[in-house]
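Trainee: Protein chains in written order, with this note's numbering: chain A, 128 to 475; chain B, 392 to 664. Once you've had a glance at the structure underneath, I'll fire off some questions.
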């Protein structure tokens with residue numbers, strides 16, 4: 128379990144940083160930080176898993192072979208990202224030690240400055256504290272619930288079926304008998320059941336624990352990270368406003384569980400499903416990225432949606448939203464006067 | 392096409408029955424366009440506002456909603472077209488702007504006045520969503536799930552290869568609890584949305600088994616003893632009946648098979664083989 132949690136926390140970072148280094152140059156403003164790298168890395172991993180799943184399904188591989196492909200692929204991804212980043216890395220910001228030496232400040236003086244900042248923005252710290260408590264309560268709720276909204280879903284049965292028979296889409300998950308007519312390719316392309324089964328196999332986790340508890344908690348946290356990035360985009364550096372936005376997001380998700388299709392129901396009671404990941408992570412991230420004109424990230428989100436949600440030949444909600452905002456950008460003349468309009472959208 | 396339009400309209404009515412977040416979205420859109428005092432919305436916020444203003448009417452109008460439903464594929468129902476509208480982000484953004492303007496409003500100089508108004512807004516948010524939670528339905532399903540866990544645990548003491556035929560309140564959870572247990576038909580027999588996942592369909596024998604069990608669930612009587620041979624033919628090892636089924640019927644079944652009746656978690660369990 129510990130290894131699994133550490134892997135979840137660490138694996139997306141290097142690929143995400145490499146993605147940022149390659150597609151967003153040093154002089155691109157505003158510069159994305161570690162949170163962006165993490166989210167992009169997670170999306171890259173999902174796209175990678177989707178590709179591997181598709182290959183395994185088409186080549187009729189067993190689950191264990193799929194697990195080997197996943198693990199080797201992720202390891203190679205980390206290695207390549209690490210090596211390339213090492214050669215590409217040029218530190219552009221001074222470290223904390225250099226900052227202190229440069230400004231001739233003692234460490235205690237620096238801490239005192241930060242404490243004074245917190246006291247001046249007491250309300251911001253307070254609101255962020257309320258938000259943290261809210262998120263904690265939701266995470267505890269998911270862990271204690273031990274049950275999900277099951278209508279229209281059979282992810283757990285599929286995962287268990289894959290593990291039980293070491294095969295992909297050979298055994299009917301709801302009856303335990305072999306398929307007669309089979310499963311449509313539009314379902315086989317969706318990688319989440321295979322990914323969950325592979326994670327269970329690799330880390331020795333019980334399928335129900337992983338699918339119903341761990342993954343929903345993980346995607347809930349990622350969702351709040353994405354909403355935080357969106358809040359920073361919308362409200363800038365004003366932490367009070369950002370905190371207020373985050374608290375409202377937390378309340379909406381916590382209280383918006385009244386109907387099928389609501390974000391709250393998806394994230395709290397079905398957080399392992401592709402639709403919940405799309406609603407909680409992909410779509411807010413797409414909105415944030417189109418506002419910054421970061422089209423490679425948007426493309427990555429569209430590609431991720433292809434592998435986790437049934438779409439119209441790859442054209443899903445992310446593509447729709449991106450095109451909608453692109454049309455608005457064109458109407459506003461963003462691309463006719465790059466130095467002026469683009470600066471006005473990108474937080475200046 | 393008319394069917395889809397009608398379905399879209401019914402979807403819009405249905406989504407507003409138990410919660411009012413969509414109404415809140417419309418209210419906030421109007422407020423954000425009209426209100427200007429105290430805080431001018433930034434360019435990024437304006438773009439989200441513009442996008443939502445165009446898309447919300449498209450999601451409400453049955454004709455355009457039907458087109459959007461077609462775009463998202465028939466696998467997804469009406470509520471999913473609202474994924475295209477950033478409902479959560481919009482309500483949070485609108486609420487934040489409202490609170491900022493309220494804080495800067497000279498007519499509300501005191502902190503307690505601002506706090507009271509903020510509390511009213513939070514209460515409005517709660518009333519719009521919190522009252523229609525799925526908790527009640529999920530509590531019932533959780534109770535059925537726990538009961539099934541105990542039944543399966545009891546049956547697995549003396550039996551290795553189980554094939555269980557049970558009412559929906561038990562059969563739907565059996566393979567979640569233990570994937571080695573087989574069933575004559577799965578959850579997609581009554582949760583028809585799951586049929587989109589396969590090409591397979593059920594044969595006539597499975598349909599008859601389901602109808603007999605469904606009849607027992609609804610009428611509290613199980614008199615169709617001919618299907619027992621079908622069940623045995625399909626490899627069913629244990630039959631589960633709801634505890635409210637007439638004991639006389641259960642007795643007749645057990646006598647006919649020469650089997651003992653077990654009572655577990657409010658159900659009758661009869662071994663068929």
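The C-beta atom is built at its ideal place from N, Cα and C for all residues, glycine as well. For clarity, every value in this text was computed on a predicted model and none was experimentally measured.
Per DSSP, residue 660(B) is paired with what?
Mentor: By 1-based counting over the second chain, the position of residue 660(B) is 269. According to DSSP, which records beta bridges pairwise, residue 660(B) is partnered with 631(B), 653(B).
Trainee: Which residues of chain B have a Cβ atom closer than 8 Å to the Cβ of residue 320(A), listed in chain order?
Mentor: As a first step, residue 320(A) is located in the first chain; it is residue number 193 there, counting from the start. What residue 320(A) touches in chain B: nothing, since even the nearest Cβ is about 10 Å away.
Trainee: Check distances from the C-beta atoms of the segment 483 to 511 of chain B to those of chain A and list, in chain order, the residues that come in under 8 Å.
Mentor: 483, 484, 486, 487, 490, 491
Trainee: How far does the alpha helix (DSSP H) with residue 175(A) in it reach, from first residue to last?
Mentor: Numbered from 1 along the first chain, position 48 holds the residue referred to as residue 175(A). Residue 175(A) -> alpha helix (DSSP H) spans 161 to 185.
Trainee: Alpha carbon to alpha carbon, what distance is there between residue 399(B) and residue 658(B)?
Mentor: Here residue 658(B) corresponds to residue number 267 of the second chain, with the count starting at 1. Here residue 399(B) corresponds to residue number 8 of the second chain, with the count starting at 1. Looking at the two C-alpha atoms, the distance is approximately 41 Å.
Trainee: Interface residues of chain A around residue 475(B) at Cβ under 7 Å?
Mentor: Indexing the second chain from 1 puts residue 475(B) at position 84. Per Cβ cutoff of 7 Å: 444, 447, 448.
Trainee: So, at 8 Å on beta carbons, what are the nonlocal neighbours of residue 383(A) in its own chain, with the 5 sequence-adjacent residues on each side left out?
Mentor: On the first chain, position 256 is the one that residue 383(A) refers to. Only 389, 390, 391, 392 meet the Cβ criterion.
Trainee: Enumerate in chain order the residues of its own chain whose CB-to-CB distance from residue 306(A) is below 6 Å, with the five nearest sequence positions on each side excluded.
Mentor: By 1-based counting over the first chain, the position of residue 306(A) is 179. So the list reads 299, once near-sequence residues are dropped.
Trainee: Give me the subset of the segment 299 to 318 of chain A whose CB atoms are less than 9 Å from a CB atom of chain B, sorted by chain position.
Mentor: 299, 300, 301, 302, 303, 304, 306, 307, 308, 309, 310, 311, 313, 314
Trainee: According to DSSP, is residue 329(A) helix, strand or coil?
Mentor: As a position in the first chain, residue 329(A) is number 202, starting the count at 1. If DSSP states are grouped into helix, strand and coil, residue 329(A) belongs with the helices.
Trainee: Roughly how many angstroms lie between the CA atoms of residue 451(A) and residue 438(B), to the nearest whole one?
Mentor: As a first step, residue 451(A) must be located in the first chain, where it is residue number 324. As a first step, residue 438(B) must be located in the second chain, where it is residue number 47. If you take the alpha carbons of residue 451(A) and residue 438(B), they lie about 10 Å apart.
Trainee: Restricting to Cα atoms, I'd like to know which of 394(B), 415(B), 607(B), 431(B) is closest to residue 493(B).
Mentor: As a first step, residue 493(B) must be located in the second chain, where it is residue number 102. With distances taken between Cα atoms, residue 493(B) lies closest to 431(B).
Trainee: Does the beta-carbon distance from residue 442(A) to residue 399(A) come in below 9 Å?
Mentor: By one-based count along the first chain, residue 442(A) stands at place 315. By one-based count along the first chain, residue 399(A) stands at place 272. Cβ atoms of residue 442(A) and residue 399(A): not closer than 9 Å.
Trainee: Using the beta-carbon of each residue, which ones in chain B are nearer than 8 Å to residue 287(A)?
Mentor: Locating residue 287(A) in the first chain gives position 160, counting from the first residue. Neighbours of residue 287(A) in chain B, taken as residues at a C-beta separation under 8 Å, are given in chain order as 566, 567, 570.
Trainee: At the 9 Å Cβ level, is residue 346(A) part of the contact set with chain B, yes or no?
Mentor: Within the first chain, numbered from 1, the residue matching residue 346(A) stands at position 219. So no, residue 346(A) is outside the interface.
Trainee: With 9 Å as the C-beta to C-beta threshold (strictly closer), list the residues of the segment 457 to 474 of chain B near chain A in chain order.
Mentor: Of all residues in the segment 457 to 474 of chain B, the ones placed with a Cβ closer than 9 Å to any Cβ belonging to chain A are 459, 461, 462, 463, 464, 466, 467, 468, 469, 470, 471, 472, 473, 474, in chain order.
Trainee: Quickly, what does DSSP pair residue 455(A) with across the bridge? List them, please.
Mentor: Indexing the first chain from 1 puts residue 455(A) at position 328. Assignment of beta-bridge partners to residue 455(A) by DSSP yields no partner.
Trainee: Are the C-beta of residue 339(B) and some C-beta of chain A separated by less than 9 Å?
Mentor: Because residue 339(B) is not part of the residues shown, which for chain B are 392 to 664, the question remains open.
Trainee: Of the choices 458(A), 460(A), 408(A), whose alpha-carbon is the least far from that of residue 445(A)?
Mentor: As a first step, residue 445(A) must be located in the first chain, where it is residue number 318. Checked all of 458(A), 460(A), 408(A); the closest Cα to residue 445(A) is 408(A).
Trainee: Apart from the five residues on each side of it in sequence, which residues of its chain come closer than 6 Å, Cβ to Cβ, to residue 475(A)?
Mentor: Locating residue 475(A) in the first chain gives position 348, counting from the first residue. Note on residue 475(A): pLDDT 36, under 50, position unreliable in the model; the coordinate value appears next. Answer for residue 475(A): no residue qualifies.
Trainee: Would residue 173(A) pass as a contact of residue 412(A) if the rule is Cβ separation under 9 Å?
Mentor: Position 46 of the first chain, counted from the first residue, corresponds to residue 173(A). Position 285 of the first chain, counted from the first residue, corresponds to residue 412(A). Taking C-beta atoms as the reference points, residue 173(A) and residue 412(A) fail to come closer than 9 Å.
Trainee: State the Cα-Cα distance for the pair residue 160(A) and residue 280(A), rounded to the nearest angstrom.
Mentor: In the first chain, the residue the question calls residue 160(A) occupies position 33. In the first chain, the residue the question calls residue 280(A) occupies position 153. Computed Cα separation, rounded: 36 Å.
Trainee: Can you grab the Cα-Cα spacing for the pair residue 314(A) / residue 584(B), in whole Å?
Mentor: Within the first chain, numbered from 1, the residue matching residue 314(A) stands at position 187. Within the second chain, numbered from 1, the residue matching residue 584(B) stands at position 193. C-alpha separation (whole angstroms): 13 Å.
Trainee: Given residue 468(A), which residues of its chain have a CB within under 6 Å of its CB, disregarding the five upstream and five downstream residues?
Mentor: Counted from its first residue, the first chain places residue 468(A) at position 341. Note that residue 468(A) scores a pLDDT of 44, beneath 50, so its modelled location is shaky; the value from the coordinates is reported in the next line. Short of 6 Å from the beta carbon of residue 468(A), and not among the five residues preceding or following it, lie these beta carbons of its own chain, in chain order: 460, 461.
Trainee: For residue 590(B), is the classification buried or exposed, using 16 other Cβ atoms within 10 angstroms of its Cβ as the cut-off for buried?
Mentor: Against the second chain, residue 590(B) aligns to sequence position 199. Result: exposed.
Trainee: State buried or exposed for residue 146(A), treating a residue as buried only when at least 16 other CB atoms are found within 10 Å of its CB.
Mentor: Locating residue 146(A) in the first chain gives position 19, counting from the first residue. The residue in question, residue 146(A), is buried, as its Cβ has 16 or more Cβ neighbours within 10 Å.
Trainee: Over what stretch of residues does the alpha helix (DSSP H) that includes residue 295(A) continue unbroken?
Mentor: Looking up residue 295(A) in the first chain gives position 168. Taken as a continuous stretch (DSSP letters only), residue 295(A) belongs to no alpha helix (DSSP H), as it is neither H nor E.
Trainee: Beta-carbon of residue 546(A) versus every beta-carbon of chain B: anything under 9 Å?
Mentor: With chain A covering only 128 through 475, there is no way to say anything about residue 546(A).
Trainee: Going by Cα to Cα distance, which pick from 560(B), 466(B), 413(B), 596(B) is closest to residue 529(B)?
Mentor: For the purposes of this step, residue 529(B) is taken as the residue at position 138 of the second chain. Answer by Cα proximity: 560(B).
Trainee: At a CB distance below 7 Å, what residues from the segment 368 to 388 of chain A approach chain B? Give them in sequence order.
Mentor: 368, 371, 372, 375, 376, 378, 379, 380, 382, 383, 384, 385, 386, 387, 388
Trainee: Spell out whether any CB of chain B is found under 9 Å from the CB atom of residue 335(A).
Mentor: Here residue 335(A) refers to the residue found at position 208 of the first chain. Chain B contact via Cβ: present.
Trainee: If you check the beta carbons only, do residue 415(B) and residue 440(B) fall under 9 Å apart?
Mentor: As a working mapping, residue 415(B) is identified with position 24 in the second chain. As a working mapping, residue 440(B) is identified with position 49 in the second chain. Their beta carbons are not under 9 Å apart, which means residue 415(B) does not touch residue 440(B) by this criterion.
Trainee: For residue 470(B) versus residue 276(A), is the C-beta spacing smaller than 9 Å?
Mentor: As a first step, residue 470(B) must be located in the second chain, where it is residue number 79. As a first step, residue 276(A) must be located in the first chain, where it is residue number 149. No, the pair does not count as a contact, with Cβ atoms beyond the cut-off.
Trainee: Using DSSP's beta-bridge definition, name the partner residues of residue 581(B).
Mentor: The sequence position of residue 581(B) within the second chain is 190, counting from 1. Answer by DSSP bridge pairing: none, since residue 581(B) is not bridged.
Trainee: Report buried or exposed for residue 144(A), applying the criterion of at least 16 other Cβ atoms within 10 angstroms of its Cβ.
Mentor: Locating residue 144(A) in the first chain gives position 17, where the first residue counts as 1. Per the 10 Å Cβ criterion, buried.
Trainee: Kindly list, in the order they appear in chain A, the residues whose Cβ is closer than 8 Å to that of residue 664(B).
Mentor: For the purposes of this step, residue 664(B) is identified with residue 273 of the second chain, where counting begins at 1. Those do not exist, as residue 664(B) stays about 17 Å from chain A at its closest Cβ, beyond 8 Å.
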